Amino acid sequence: MALPEFSMRQLLEAGAHFGHQTHRWNPKMEKYIFGSRSNIHIIDLSQTIPLLHQALVKVRDVSAAGGRVLFVGTKRQASDPVAAAARRCAQYYVNHRWLGGTLTNWRTISISIARLRELEGVLAGEGEGRTKKELLQLTREREKLELSLGGIKNMGGIPDLMFVIDTNKEGIAILEARKLNIPVVAILDTNCDPNGISYPIPGNDDAARALQLYCDLIADAVLDGLAQGQVALGVDIGASEEPSEPVLKMVAAEEPAAASDATAQTMADVEVDQAPAAAAPAPEAPVAAAPAAVEEAQPEAPAEAQAATDAALDAVSDEPAAS
Numbered sequence: 182m183a184l185p186e187f188s189m190r191q192l193l194e195a196g197a198h199f200g201h202q203t204h205r206w207n208p209k210m211e212k213y214i215f216g217s218r219s220n221i222h223i224i225d226l227s228q229t230i231p232l233l234h235q236a237l238v239k240v241r242d243v244s245a246a247g248g249r250v251l252f253v254g255t256k257r258q259a260s261d262p263v264a265a266a267a268r269r270c271a272q273y274y275v276n277h278r279w280l281g282g283t284l285t286n287w288r289t290i291s292i293s294i295a296r297l298r299e300l301e302g303v304l305a306g307e308g309e310g311r312t313k314k315e316l317l318q319l320t321r322e323r324e325k326l327e328l329s330l331g332g333i334k335n336m337g338g339i340p341d342l343m344f345v346i347d348t349n350k351e352g353i354a355i356l357e358a359r360k361l362n363i364p365v366v367a368i369l370d371t372n373c374d375p376n377g378i379s380y381p382i383p384g385n386d387d388a389a390r391a392l393q394l395y396c397d398l399i400a401d402a403v404l405d406g407l408a409q410g411q412v413a414l415g416v417d418i419g420a421s422e423e424p425s426e427p428v429l430k431m432v433a434a435e436e437p438a439a440a441s442d443a444t445a446q447t448m449a450d451v452e453v454d455q456a457p458a459a460a461a462p463a464p465e466a467p468v469a470a471a472p473a474a475v476e477e478a479q480p481e482a483p484a485e486a487q488a489a490t491d492a493a494l495d496a497v498s499d500e501p502a503a504s
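In this text, residue positions in the sequence shown follow the numbering used here: the first is 182, and each later residue adds one.
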């Protein structure tokens, strides 16, 4: 298993090093700022890389242990990347508006989620027995709940880790996470407050390419953790993938051919082994050395085998005369 790879060049090309104007900064972010160019702060990417790596390790460990990861990003440019990344790694997200008490008042949120499921069931049945006006009202209610709760309706409880883009806009979400001791991985621009963030990642939180890169890396870390968790449980991941049929056909064709070649070779060896024995007459009981002489001659050349056979026949014919 390996974490997703990234480089400083990728961060630079995505514009992750650009901060806000120098007058719009938070002094608590000073340690993460490299300098300023044209009244714009430049983020120190040499600190971003190790911090991002630590955050990816944490995300992988949480997902490997079966934990839930919540993606939070409600600003316009972060909405689509957050939802796409969360769906890709089968996790949860809030990308429209954070409802106060989403985590600290989960019981009430669960009631709203139950209402959303009820509306989906009613509208899936085409609303039989209801007027067009009632169906329109139910559809609007479902769409409103879907925007706020659609990404967490299957979460089933509070998450084990939260990934946040723009801590200023998602301040309520971070406060709820801190109250419930939920670790927070957050992208910190130069105008953000790093206090209360478990795994800060200094970087631009406005550039579309940078946001897409962050979300992809977090999603890949979740997927890597899920795979690691499956391996730890003894699940054969490769067994779920269909092998290539041409390879199977090739192996199936090679095995019978190899077996037939081996059989032919074995039969040839048997015939060679039996040829000298068939040429020699059955010896009497006292003659025990003749078969041994024949067996020793078997692996030799045919001329030498014939000579050994003739010598054995001469020994058999001469023995009664000597007695």
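Note that the Cβ used here is the ideal one computed from N, Cα and C, for glycine as well. Since the model is a prediction, treat every value here as computed from it, not as a measurement.
Point to revise | Runs of beta strand (DSSP E) lying entirely within the segment 233 to 318, each at least 3 residues, in chain order | key: 250 to 253, 273 to 275
Review point. Are Leu414 and Pro262 closer than 8 Å when you measure CB to CB?
Key: Numbered from its first residue, the sequence shown carries residue 414 at position 233. Numbered from its first residue, the sequence shown carries residue 262 at position 81. No, the pair does not count as a contact, with Cβ atoms beyond the cut-off.
Review point. On the three-state DSSP scale, how would you describe Met336?
Key: On the sequence shown, residue 336 is found 155 positions in, with the first residue counted as 1. Three-state DSSP puts Met336 in coil, outside helix and strand.
Point to revise | Counted within 10 angstroms of its Cβ, other Cβ atoms place Gly331 as buried (16 or more) or exposed | key: Here residue 331 refers to the residue found at position 150 when the sequence shown is read from its first residue. Its Cβ being crowded by 16 or more others within 10 Å, Gly331 is buried.
Check your understanding: Beta carbon of Asp347, beta carbon of Asp401: below 8 Å?
Key -> Within the sequence shown, the letter at position 166 stands for residue 347. Within the sequence shown, the letter at position 220 stands for residue 401. Result no, Cβ atoms of Asp347 and Asp401 do not sit closer than 8 Å.
Check your understanding: Secondary structure at His198, three-state DSSP: helix, strand or coil?
Key -> By 1-based counting over the sequence shown, the position of residue 198 is 17. The answer is coil: DSSP assigns His198 none of H, G, I, E or B.
Review point. Under the three-state reduction of DSSP, which class applies to Ala183: helix, strand or coil?
Key: Locating residue 183 in the sequence shown gives position 2, where the first residue counts as 1. Ala183: coil per DSSP, three-state reduction.
Check your understanding: So, do the segment 219 to 234 and the segment 345 to 359 have three or more beta carbon pairs nearer to each other than 8 Å?
Key -> no
**Study point:** Bridge-paired residues (DSSP) for Tyr380
**Key:** Position 199 of the sequence shown, counting from 1, holds the residue named residue 380. Val366.
Exercise for review: Round the Cβ separation of Ala358 and Met343 to the nearest angstrom and send it over; I've been treating them as touching at under 8 Å.
Suggested key: Stepping through the sequence shown from its first residue, residue 358 is reached at position 177. Stepping through the sequence shown from its first residue, residue 343 is reached at position 162. So it is a contact: roughly 5 Å between Cβ atoms.
Check your understanding: Cβ atoms of Leu361 and Leu284: under 8 Å apart, would you say?
Key -> Against the sequence shown, residue 284 aligns to sequence position 103. Against the sequence shown, residue 361 aligns to sequence position 180. Result yes, Cβ atoms of Leu284 and Leu361 sit closer than 8 Å.
**Study point:** Test item: CB-CB of Gly406 and Val240 under 8 Å
**Key:** Here the question's residue 406 lines up with position 225 in the sequence shown. Here the question's residue 240 lines up with position 59 in the sequence shown. Yes, the Cβ-Cβ distance between Gly406 and Val240 is below 8 Å.
Check your understanding: Where does the unbroken beta strand (DSSP E) through Gly406 begin, and where does it stop?
Key -> Within the sequence shown, residue 406 is the residue found at index 225, counting from 1. Note, Gly406: premise wrong, no beta strand (DSSP E); alpha helix (DSSP H) at 389 to 413.
Check your understanding: Thinking C-alpha only, which one of Gly254, Ala266, Leu300, Ala271 is nearest Leu280?
Key -> The residue you call residue 280 lines up with position 99 of the sequence shown. Closest option to Leu280, Cα to Cα, is Gly254.
Practice item. Would you kindly check if the distance between the Cβ of Gly384 and the Cβ of Gly247 is under 8 Å? Key: Looking up residue 247 in the sequence shown gives position 66. Looking up residue 384 in the sequence shown gives position 203. Result no, Cβ atoms of Gly247 and Gly384 do not sit closer than 8 Å.
**Study point:** Local conformation of Leu429 per DSSP, three classes
**Key:** Along the sequence shown, read from residue 1 onward, the residue named residue 429 stands at position 248. Note on Leu429: pLDDT 38, under 50, position unreliable in the model; the coordinate value appears next. Three-state result, Leu429: helix.
Point to revise | CA-to-CA distance, Ala183 to Gly200, given in whole angstroms | key: Numbered from its first residue, the sequence shown carries residue 200 at position 19. Numbered from its first residue, the sequence shown carries residue 183 at position 2. Whole-angstrom Cα-Cα distance: 30 Å.
Review point. Would DSSP call Gly331 helix, strand or coil?
Key: For this step, residue 331 is matched to residue 150 along the sequence shown. Coil.
Check your understanding: For Ser227, does the three-state DSSP call read helix, strand or coil?
Key -> Position 46 of the sequence shown, counted from the start, is the residue given in the question as residue 227. Of the three classes helix, strand and coil, the one that applies to Ser227 here is helix, per DSSP.
Review point. Leu326 by DSSP, collapsed to three states: which one?
Key: The sequence position of residue 326 within the sequence shown is 145, counting from 1. Of the three classes helix, strand and coil, the one that applies to Leu326 here is helix, per DSSP.
Point to revise | Close beta carbons around Asp341, own chain, < 6 Å, minus the five adjacent residues each side | key: Your numbering for residue 341 matches position 160 in the sequence shown. Cβ neighbours of Asp341 beyond the five flanking positions: Val243, Gly248, Arg249.
Exercise for review: Give me the Cα-Cα distance between Ala389 and Ile355, rounded to the nearest whole angstrom.
Suggested key: In the sequence shown, counting from the first residue as 1, residue 389 sits at position 208. In the sequence shown, counting from the first residue as 1, residue 355 sits at position 174. Taking the straight line joining both Cα atoms gives about 22 Å.
Practice item. Classify Leu193 as helix, strand or coil using the three-state DSSP reduction. Key: Sequence index remark: in the sequence shown, residue 193 carries index 12 (1-based). DSSP places Leu193 in helix when its eight states are reduced to three.
Point to revise | Same chain, Cβ closer than 8 Å to Ser217, five either side skipped, listed in chain order | key: If you number the sequence shown from 1, residue 217 lands on position 36. These residues qualify, in order along the chain: Thr203, Ile223.
Practice item. Within 10 angstroms of the Cβ of Ser188, are there 16 or more other Cβ atoms? Answer buried if so, exposed if not. Key: In the sequence shown, the residue the question calls residue 188 occupies position 7. Looking at its Cβ environment, which holds fewer than 16 other Cβ atoms inside 10 Å, Ser188 is exposed.
Check your understanding: Are there three or more Cβ pairs, one per stretch, closer than 8 Å when the segment 268 to 278 is compared with the segment 291 to 306?
Key -> no
Review point. How about Ile363 and Ile339: are their beta carbons less than 8 Å apart?
Key: Taking the sequence shown and counting its residues from 1, one reaches residue 363 at position 182. Taking the sequence shown and counting its residues from 1, one reaches residue 339 at position 158. Yes, the pair counts as a contact, with Cβ atoms nearer than the cut-off.
Point to revise | Bridge partner(s) assigned by DSSP for Ile221 | key: As a working note, residue 221 is residue 40 in the sequence shown. Looking at the DSSP assignment, Ile221 forms a beta bridge with Gln202, Arg218.
Review point. Taking the Cβ atom as the reference point for each residue, do Pro185 and Leu251 lie within a distance shorter than 8 Å?
Key: For this step, residue 185 is matched to residue 4 along the sequence shown. For this step, residue 251 is matched to residue 70 along the sequence shown. No, these two residues do not count as a Cβ contact at 8 Å.
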